[in-house]
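One structure is given here, and the rest of the page talks about it.
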Amino acid sequence: MPQEIGFRALTTAERLIANAAEQHRVRLDPTGGGGLRLTGTGRLHIWPATIPADDDHHLLGSLGWVNGPPEDLVNNCRAATARDLDRRIELHDWLASRPRSEALERIETIRYALVHMAPVLIYVADRCYTNLGRYGTLPGNSIRFGSPRCQLTALAGTPVADWTPEDACFVVCLSVLLRSGPPVRAEEFNGVQLDPVTLEEFLLERISTYGATPPPKRAGEPTAPWLARLAEVCAARRAGLVRRGATFYRSINGLSLHKQEHLMSPPVRLGDVPAEVLALLAERTGAELTAGSDVRDFARVCAAFGSRVLGQPAPKGFRSAYEAFLHELLVAVAEATGSDVAMGRGPRSLESLREDAGRDTDPLRLGTSDFYCCVVAAGRFVERFRDDPAGLSTALSAYSARMRFNTWHYLPHSLDVHDREPGRDDWFFAPTMPDITEWSDQHHTGHVRFGVRYAIRIPVGIFWDGAYRPGLYDLRLLRTAGPPFTIADLRTAIALGKLLGVLHEAMAGHDPHVDDFDNTWYREFHAPTVGVR
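Residue numbers (our numbering): 140 to 672.
Next up, the structure:
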């Protein structure tokens with residue numbers, strides 16, 4: 140885990156202790172009776188001296204001060220703890236002075252975001268706010284809003300004056316954070332402290348990165364309104380960059396669930412696509428693609444390619460020439476990017492996504508079998524299963540099944556029908572940012588099972604049926620072992636995603652049906668003789 144992220148999980152006082160211990164070259168005494176321990180959620184607790192035992196924590200040892208901790212350190216820690224508490228009390232008192240409806244509105248903002256995104260794990264002082272695992276008290280997969288186990292339910296039914304300062308800090312700061320960008324912004328505080336100081340620093344840094352100047356703080360302005368104004372500037376500036384074509388991406392640490400947004404610079408070009416993939420596309424589609432080509436050149440070719448490929452006979456092992464082309468293209472991508480596995484997902488038929496009472500079609504009634512995911516293995520990954528073709532088939536079809544679920548999971552938001560049935564929580568916000576992940580085999584269930592340590596995901600949206608449909612398709616690259624993917628690999632994947640977006644958008648006019656890439660197909664394609672006598 141990056142030290143910077145680990146340190147951001149510490150309180151102000153704990154950081155003072157850690158810095159002093161480093162300056163004094165204090166060694167860790169693993170036989171000591173306390174001082175350092177890990178909480179059940181993985182956060183480090185540091186005390187200058189011995190602390191009481193706690194069965195729910197993992198004791199690491201004590202700090203081996205030669206003559207005990209410096210007296211000024213103990214005093215500074217007490218002062219820092221008091222200052223942090225005063226800041227939380229300020230937020231608490233401010234929110235308690237506001238109409239009750241404002242607190243309820245903030246709770247609803249948080250609830251709505253949490254149930255439609257990946258898990259969060261956020262610290263406020265020594266409190267952990269999460270919807271993950273046995274420590275979870277927030278709404279998510281395991282706990283619903285309204286449950287007696289749900290902390291937001293309890294807060295909604297309690298006057299703000301009776302809240303703890305930590306609860307008020309969490310509600311105010313997280314609701315502000317959610318207004319500063321897309322809902323997944325909350326994940327940028329996974330595994331770290333969320334308080335008014337860190338939030339202000341975060342918003343100022345984002346505004347600066349976006350090329351804007353933050354507004355000055357007004358004399359006597361309370362902290363909460365000041366943070367809200369920063370969030371508004373941040374969100375507006377980010378939206379402007381997105382409209383102008385800026386590419387944002389996220390780096391993800393699977394150990395802490397921490398996700399950090401970055402701005403890709405310089406812009407991604409077709410020159411970032413591997414030459415062998417460009418050559419394959421040129422051969423199969425007739426496109427004259429070079430490193431200097433514009434993606435619009437490929438768009439013009441794809442319009443004609445769609446009619447041509449759908450009229451071709453299906454090669455052996457596939458139901459159509461188009462499905463064979465998708466498979467061949469992803470194999471080339473896997474090999475060219477040094478990936479073990481590459482995959483691309485999407486709807487089996489776009490027509491099934493149209494709401495049509497006359498044909499009794501409703502996208503909200505679709506199931507996971509209405510989507511496909513073409514998963515391919517690079518040669519070195521196939522070699523691992525030389526004596527176990529059934530194992531290869533099982534692994535690839537398992538990847539495929541999970542990605543089919545993902546397309547279904549994102550579909551209501553991709554089609555902008557997610558609020559048609561209020562209260563429906565079985566959907567996630569459609570992804571819009573590429574991401575690059577390390578240590579995903581430490582958390583994500585599917586990645587744990589199949590040992591996927593490094594991953595790249597490129598969401599692919601298209602214009603269809605009169606609107607832009609984010610995350611309707613995607614490209615994913617996986618490695619089960621090192622080396623980790625680099626930013627150069629991510630640039631390559633983003634460029635490939637742009638080409639896939641052009642291809643899928645052009646093919647949408649033909650509505651090709653993709654019938655391959657279900658469990659039966661993987662078994663017949665990779666292990667046709669297994670079980671045959």
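Beta carbons are placed, not taken as given, at the ideal position from N, Cα and C, and that holds for glycine.
- The criterion of a C-beta distance shorter than 7 Å is satisfied by V599 and L639.
- Taking 3 residues as the minimum length, the beta strand (DSSP E) runs contained wholly in the stretch 147-177 are 175-177, in order along the chain.
- Linking T220 to L291 through their CA atoms gives a straight-line distance of about 26 Å.
- The criterion of a C-beta distance shorter than 7 Å is satisfied by D655 and F457.
- For the pair V331 and R368, the Cα-to-Cα distance works out to about 23 Å.
- Assignment of beta strand (DSSP E) within the stretch 261-287, counting only whole runs of 3 or more residues, yields 266-269 in chain order.
- Your pair T576 and F544 does not check out as a contact, with CB atoms roughly 18 Å apart and the cut at 8 Å.
- I595 sits close to F624, with the two beta carbons spaced by under 7 Å.
- Here DSSP, grouped into helix, strand and coil, assigns P364 to helix.
- Following the DSSP letters along the chain, one finds K637 in no beta strand (DSSP E) but inside the alpha helix (DSSP H) bounded by residues 626-647.
- In this structure, P609 keeps its C-beta atom at 7 Å or more from the C-beta atom of T668.
- DSSP places Q332 within a strand segment (E or B) once states are collapsed to three.
- Under the DSSP assignment, M482 falls in the beta strand (DSSP E) whose first and last residues are 480-486.
- In the structure shown, the three-state DSSP call for A475 is helix.
- In the DSSP assignment, W660 falls within the alpha helix (DSSP H) that extends over 658-665.
- Judged by their CB atoms, L420 and L428 are nearer to each other than the 7 Å cut-off.
- Per DSSP, the unbroken beta strand (DSSP E) holding V514 starts and ends at 510-516.
- In the DSSP annotation of this structure, R226 is not part of any beta strand (DSSP E); the continuous alpha helix (DSSP H) holding it starts and ends at 210-236.
- Here P573 has Y388, I597, I633 as same chain residues with Cβ atoms under 6 Å from its own Cβ, once five neighbours each way along the sequence are excluded.
- The continuous stretches of beta strand (DSSP E) do not include N545, which lies in the alpha helix (DSSP H) extending over residues 528-553.
- In this structure, the straight-line span from the alpha carbon of L338 to that of L316 is close to 8 Å.
- Residue environment analysis places E143 among the exposed positions, since fewer than 16 neighbouring C-beta atoms fall within 10 angstroms of its C-beta.
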